[in-house]
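In the numbering used here, the protein residues as written are 3 to 389.
A short write-up of the structure that comes next.
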Ligand code: SOE
């Protein structure tokens with residue numbers, strides 16, 4: 003017998019769609035006791051028409067234009083926060099006080115101080131919580147985690163991440179409003195650091211352990227943009243690009259680069275890990291492939307014969323690969339939206355006695371601390387320890 007899990011989702015943009023789609027799909031592909039029910043969608047009164055269309059498209063049973071009402075409702079079990087970043091703290095604290103389970107989009111907060119308060123609130127309330135760093139659940143990235151866990155990379159030396167896009171190059175792209183809040187520092191908290199590098203940091207720490215020290219540089223290429231709400235040219239407060247060097251606790255060295263000014267790059271999220279026994283490379287623009295270079299066998303230490311070494315392109319679609327056994331037959335690929343399905347499948351498994359979901363708020367707080375250290379290091383132009 004399935005147990006309904008009543009969802010109240012806040013925000014009806016890109017992430018609201020990604021999450022709604024995943025809630026609808028998860029039970030078709032993953033056997034779970036809980037069955038998400040799209041009970042209510044919520045957005046601000048000024049978005050009423052968009053909210054109605056959203057609720058109708060995804061089959062929400064009702065709508066709310068006041069989040070307090072949504073959170074008070076007895077028929078809601080889980081609050082899913084897909085609203086812009088500046089709302090995350092207020093919504094989390096209210097939902098935790100009401101004893102609701104919480105799913106929050108990344109980045110967890112505007113700052114680490116906010117993330118601390120939010121983490122304390124969910125832990126005090128003892129509610130199950132999840133932060134949606136969806137890329138961990140790209141099967142090829144999960145496979146990378148498995149390969150590292152099997153000892154196949156050996157001692158790590160280098161971790162190299164890039165996250166590049168190009169959608170803000172034009173000077174006439176405004177800032178603010180429903181579509182472009184990511185460019186408004188008061189709403190987003192930061193630019194590429196919180197929006198894109200937070201993904202890279204979450205993946206990096208998951209695969210290669212904690213980052214200890216960073217030194218960073220940021221740039222804002224376009225200093226003023228028209229603000230959608232005021233109609234006036236206003237200073238741009240976000241970082242358009244950020245690069246940082248990192249030292250991991252395991253002694254390996256990291257480089258991270260992110261920009262929204264990398265002409266031709268749409269969602270170029272890559273990493274490479276180089277170790278003593280092998281290397282791994284992943285590129286989200288080629289999402290089914292995990293590249294693996296095997297230098298030596300981890301069990302015996304025996305080197306691969308030199309004339310046979312080379313990069314392997316593993317097409318991650320076999321039923322033995324993470325998550326893939328739940329989908330189609332080998333060779334048939336899945337997409338971006340499936341990473342959210344995997345997230346909810348794992349979250350539900352956690353509610354049903356399985357492994358507790360990660361990343362939770364506590365884990366995402368760490369990512370936020372790295373982001374804060376990166377931004378502060380760029381300002382102070384010096385190496386900083388991550389708190
Ligand atoms: C920004 O363009 C964005 O939509 C991010 O906010 C998402 O987290 C990323 O996955 C895709 O790009």
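Quick reminder that beta carbons are idealized off the backbone N, C-alpha and C, glycines included.
Asked, Found
"Expected contact under 8 angstroms - CB spacing of residue 180 and residue 49 to nearest Å", "7 angstroms"
"Beta-carbon proximity check, residue 189 vs residue 242, cutoff 8 angstroms", "no"
"CA-to-CA distance, residue 145 to residue 40, given in whole angstroms", "31 angstroms"
"Straight-line gap, residue 107 to residue 313 (C-alpha atoms, nearest Å)", "35 angstroms"
"Heavy atom of the ligand MN within 7 angstroms of residue 134 beta-carbon", "Within the structure as shown, the ligand MN is missing, the only ligands being the ligand SOE."
"Secondary structure of residue 255, DSSP reduced to three states", "strand"
"Cβ distance (whole Å) where residue 315 is taken to contact residue 291 below 8 angstroms", "5 angstroms"
"Distance CB(residue 129)-CB(residue 98) smaller than 8 angstroms", "yes"
"Beta-carbon gap between residue 143 and residue 275 smaller than 8 angstroms", "no"
"Within the region 294-373, ranges of the beta strand (DSSP E) (whole runs, at least 3 residues)", "313-317"
"Residue 62 - DSSP class collapsed to helix/strand/coil", "coil"
"Cβ separation of residue 101 and residue 127, assumed to be a contact under 8 angstroms, to the nearest whole Å", "6 angstroms"
"Cβ shell of residue 65 (< 6 angstroms), same chain only, five flanking positions each side left out", "43, 53, 57"
"Helix, strand or coil at residue 119 according to DSSP, with G and I counted as helix", "helix"
"Check whether residue 68 and residue 9 have beta carbons under 8 angstroms apart", "no"
"Straight-line Cα distance separating residue 158 from residue 322", "26 angstroms"
"8 angstroms contact criterion, which residue 173 and residue 273 should meet: CB distance rounded", "With a Cβ gap of about 32 angstroms, residue 173 and residue 273 do not count as contacting."
"At least three beta-carbon pairs within less than 8 angstroms, the region 335-346 to the region 109-120", "no"
"Own chain residues within Cβ distance below 8 angstroms of residue 364, not counting five before or after", "121, 125"
"Option nearest residue 384 by Cα separation, candidates 70, 248, 23, 170", "248"
"Under the three-state DSSP convention, the category residue 210 falls into", "helix"
"Rounded straight-line distance, which links the Cα of residue 17 to that of residue 373", "21 angstroms"
"Local conformation of residue 204 per DSSP, three classes", "helix"
"Euclidean distance between Cα positions of residue 278 and residue 319", "27 angstroms"
"Sequence ranges, alpha helix (DSSP H) only - wholly within the region 7-33, length at least 4", "16-31"
"Beta-carbon gap between residue 149 and residue 282 smaller than 8 angstroms", "yes"
"Cβ-heavy atom distance, residue 168 to the ligand SOE, below 7 angstroms", "no"
"C-beta atoms of residue 45 and residue 13 nearer than 8 angstroms", "yes"
"Span of the beta strand (DSSP E) around residue 37", "36-44"
"Selection from 34, 11, 24, 60 that minimises the alpha carbon distance to residue 75", "11"
"For residue 237, the residue or residues it bridges with in DSSP", "226"
"Residue-level contact to chain C via CB, residue 341, 8 angstroms cutoff", "Absence of chain C from the displayed structure is noted, only one protein chain being present."
"Same chain only: Cβ atoms within 7 angstroms of residue 328, ignoring 5 sequence neighbours per side", "31, 32"
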